[in-house]
Amino acid sequence: MATAAHDSKLKGNGHTYRRFKDGDNEWGSMHDSIFVQDTTHKCPTYIHKTPPCQGSCPSGEDIRGWLQIVRGIEKPPVDMTMQEYAFRRSTDANPFPSMMGRVCPAPCQTGCNRNDVDDFVGINAVEQYIGDSAIAAGFKFDAPSELSGKKVAIVGGGPAGMAAAYQLRRMGHASTVFEQHPELGGMMRYGIPGYRVPRDKLGAEMQRIIDMGDITIKCNTTVGKDVSIEQLESDFDAILWTVGCWNGRGLFVDKFAETPNCVSAVDFLEAYNKGTMKYTAPRVVCVGGGDTSIDVVSVSRRIGTLANYAENAEDSATGKLAHGDVGEKVPATVTLTTLFPLDQMTAAEHEVQDALKEGVTILTQVMPKEIIFGADGRAIGLKVVECAMKGNMPQACEGGKETIIEADIIVSAIGQFGKLDGIEALNNGRNQINADALYQVPGKPGHFAAGDAVRPHLLTTAIGQASIASETINQYLRAEELKKRPKVDKHHFDLMAKLHEAGLEPAGYESSRAEDMRGTSDANYAVHNYDDRSKNVIVPSKDLFLGHFNNVARNLRTEDVPTAEEVLGHFAERMNPLPEADAVNEAKRCMSCGMCFECDNCVIYCPQTAVYRVPKKQATLGRYVATDYSKCIGCHICADVCPTGYIEMGLGE
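The structure is reproduced here in structure tokens:
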């Protein structure tokens, strides 16, 4: 039996959960003993906090909110389906639920408090369901009919640029998106293969933004070449730089940069995704360990090579040569090397396992030492040596084993940086663009930046930055004072907006009786014993009553992962969506951290019947229970049995 509240992960082990240890019957501090010993004036207060899934989400989605909708706790407005309501809540922060549900590495799931019960909630799986349902139903985005008259130039049509176009249009601003590629999507289209990001669904999510109107798209247009910065400054009221990072970092070994058949993962994947590289060299070696490296090796196994391969591999991998008709293919030998143990690679675990199943050889805890050259000066192999991490840097192990991996092409997938040709004035010396906390470019009024050009990271990070940058641009265009961002800078549930939606807004204070000053339990000018701390507090698992939750297995998406013998020519989508029933059941696994999910524990266990359900006609999400001050004795049982950490003791009369 577990003997402490949170000293066990409780994953499938059948342990009894205990909030208090034996003997915990006295106050644990002098402060509590002296100043709050008499708790009879304390009453339960309903404290809205941010769940760690949302706190871990770089785009700040109200994850708990749309899970509540899918599971049926938060009801949609009249004449709106659950699917549409969940879609609208999800896309308040992120307009790409179908894409993110597939490819986001899901820091939200890593942060999920349910990890301390059994296993995280499959947030990505439910998000994919929401996104795919929205596309199937043809849901559109709403946009105000009245425009501000201001125009914003957005340089880059990837996730950050299009997310900004979406958010700005919701605020009433028109924009023009300048994209260097033939199609929109940025790294979602040209950096991730189609079996992970289906192009029809990517196109649908992009088109839905364009359909809002007053968003002009100019593809095949490179700012700094086809259009000058000065022209943008003349034609637009603000400029947002979301140019991404289209240069890949080379390996830290001698002569990598000047060796012709050593290329970057960025170029390799762009050539594949443009359709110009339809096969690769017989022997491919990729150095990395993240999701990009997995894409390189998985693509290589799928497209294979030719039995009579007779070209310079780098020509197709860098776009110099476009493949035409392809003859019979044979499998390529593909090796991935990484600095880390298999279970510590930065790529998603399931992606790593999929690559192994597909026939990729993965060498772990090795670092590149030198390129092996042939007589013609081309790489014919890569020598690696066993290594260990010292802080953030790898070091070769003394006497470590060395291995030579034969190679016809070596691909570096160890990072990216910006390609700022023609816009050098924005280069901060590191091939990136400087931006402050509000995503303004210092020293350049009217210029803003977001996405990988500011800090290479996740797609969802770029989307989150674009959302904040859009708010800053909106304030700039309206000549408003720039607002300080909250400590927990996310898209939070808004109880007042929910009460308004339900027709339950509090009455004005002037209409209330003066004698109601001592309390608000019977008054209608305030929300009774409620406090919103979501912008300051992320609720940890130790503040929950985990004993409420049973072990429930995750509803897993099925994957179409070919074996090593089946992988050649296999381009079917890898991650299959959850059926509706499974998506709903998975949403029900959410523990609703920091928000009431109507379990009735507080009502059932209150010895004074002081905690009561709000009358049905006055209830909505966040206002399911309240407290009768005249009955409450401050015993804190309700707070102890609250599974979500929503109840704390305080306030009172």
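Residue numbers for the sequence shown, in numbering that gives the first Met the number 0: 0 to 652.
In this text, a Cβ means the ideal position worked out from N, Cα and C, and glycines have one as well.
Owing to the predicted nature of the structure, the values given are computational and were not obtained by experimental measurement.
Quiz prompt | Supposed contact pair Val-296 and Val-359 - C-beta distance, whole angstroms, cut 8 Å | solution = 5 Å
Quiz item: With distances taken from CA atoms, which of Ala-152, Ala-135, Gly-71 and Ala-312 is nearest Ser-469?
Solution: Of all alpha-carbon atoms in Ala-152, Ala-135, Gly-71 and Ala-312, the one lying nearest the alpha-carbon of Ser-469 is that of Ala-152.
Quiz item: Could you give the distance in angstroms between the alpha-carbon of Gly-323 and the alpha-carbon of Ile-403?
Solution: For the pair Gly-323 and Ile-403, the Cα-to-Cα distance works out to about 33 Å.
Quiz item: Is Pro-367 near Leu-250, with beta carbons less than 8 Å apart?
Solution: yes
Quiz item: Residues bridged to Asn-426 by DSSP?
Solution: Ile-432
Quiz prompt | C-beta atoms of Thr-524 and Ala-506 nearer than 8 Å | solution = Reading the sequence as shown, one finds Tyr at residue 524 and not Thr. Yes, they are a contact pair.
Quiz item: Identify the residues that DSSP records as bridge partners of Glu-401: which are they?
Solution: Val-384
Quiz item: Closest by CA to Arg-195, which one among Met-574, Ser-591, Gly-121 and Val-384?
Solution: Distance check between Arg-195 and each of Met-574, Ser-591, Gly-121 and Val-384 places Met-574 closest, using alpha-carbon atoms only.
Quiz item: Is DSSP giving Asp-37 helix, strand or coil here?
Solution: Only weak support exists for where Asp-37 lies, its pLDDT of 49 falling under 50; the value from the coordinates is given anyway. Residue state, collapsed to three classes: coil.
Self-check item: Every unbroken alpha helix (DSSP H) within the segment 252 to 321, with a cutoff of 4 residues, ordered by chain
Solution: The segment 252 to 321 contains these whole alpha helix (DSSP H) runs: 264 to 273, 290 to 302 and 312 to 316.
Self-check item: Which of helix, strand or coil DSSP assigns to Glu-647
Solution: Collapsing the DSSP output to three states places Glu-647 in a strand.
Practice problem: Take the Cβ of Pro-94 as the centre, count every other Cβ of all protein chains shown within 10 Å, and call the residue buried at 16 or more, exposed below. | Solution: With 16 or more other Cβ atoms from the protein chains shown falling within 10 Å of its own Cβ, Pro-94 counts as buried.
Quiz item: Would you report the Cα separation of Asn-272 and Tyr-189, rounded to the nearest angstrom?
Solution: 5 Å
Exercise. Tell me, please, which residues DSSP counts as bridged to Cys-107.
Key: The partner list for Cys-107 (beta bridge, DSSP) is empty, contrary to what the question assumes.
Quiz item: Which residues in the same chain as Glu-126 place their Cβ atom closer than 7 Å to its Cβ, once the five residues preceding and following it in sequence are excluded?
Solution: Non-local beta-carbon contacts of Glu-126 in its own chain, meaning distances under 7 Å to residues more than five positions away in sequence, involve Ser-89, Pro-96, Met-99 and Gly-100 in chain order.
Quiz item: Of all the options Gly-421, Gly-450 and Glu-423, which has the alpha carbon lying nearest to the alpha carbon of Ala-434?
Solution: Gly-450
Quiz item: For the candidate residues Ile-214, Ala-448 and Ala-316, whose alpha-carbon lies nearest to that of Ala-164?
Solution: Ile-214
Exercise. Give every residue of the same chain whose Cβ lies closer than 6 Å to the Cβ of Pro-106, excluding the five residues on either side of it in the sequence, and list them in chain order.
Key: Ser-55
Quiz item: Which residues in the same chain as Leu-341 place their Cβ atom closer than 8 Å to its Cβ, once the five residues preceding and following it in sequence are excluded?
Solution: Val-351, Ile-361 and Thr-363
Quiz item: Can at least three beta-carbon pairs, one atom from the segment 574 to 585 and one from the segment 546 to 566, be found at a separation below 8 Å?
Solution: yes
Self-check item: Inter-residue spacing [alpha-carbon to alpha-carbon] between Gln-108 and Gly-121
Solution: Whole-angstrom Cα-Cα distance: 7 Å.
Quiz item: With 16 other CB atoms within 10 Å as the buried threshold, where does Pro-614 fall?
Solution: exposed
Quiz item: What residues are listed by DSSP as bridge partners for Ser-174?
Solution: Val-151 and Ile-214
Exercise. Assign Met-392 to one of two classes, buried (16 or more other C-beta atoms within 10 Å of its C-beta) or exposed (fewer than that).
Key: exposed
Quiz prompt | Cα-Cα separation, Arg-18 to Ala-237 | solution = 54 Å
Practice problem: Throw me the rounded Cβ distance for the Leu-494 and His-47 pair, which I believe falls under 8 Å. | Solution: 7 Å
Practice problem: Could you check how far apart the C-beta atoms of Gly-303 and Leu-567 are, in whole angstroms? I think they sit under 8 Å. | Solution: 5 Å
Practice problem: Could you have a look at Tyr-194 and say whether DSSP puts it in helix, strand or coil? | Solution: Looking at Tyr-194 - three-state DSSP - the assignment turns out to be coil, as it is neither helix nor strand.
Quiz item: For Ala-264, which of Leu-66, Val-298 and Tyr-645 has the nearest alpha-carbon?
Solution: Val-298
Quiz item: Going by the CB atoms, is the gap between Leu-338 and Gly-288 shorter than 8 Å?
Solution: Against a cut-off of 8 Å, the Cβ pair of Leu-338 and Gly-288 comes out as a contact.
Self-check item: Cβ-Cβ separation, Val-410 to Val-283 (assumed contact under 8 Å), whole Å
Solution: 7 Å
Quiz item: Going by DSSP, what residues sit across from Thr-345 in a beta bridge?
Solution: In the DSSP output, where bridge partners are listed per residue, Thr-345 has none listed.
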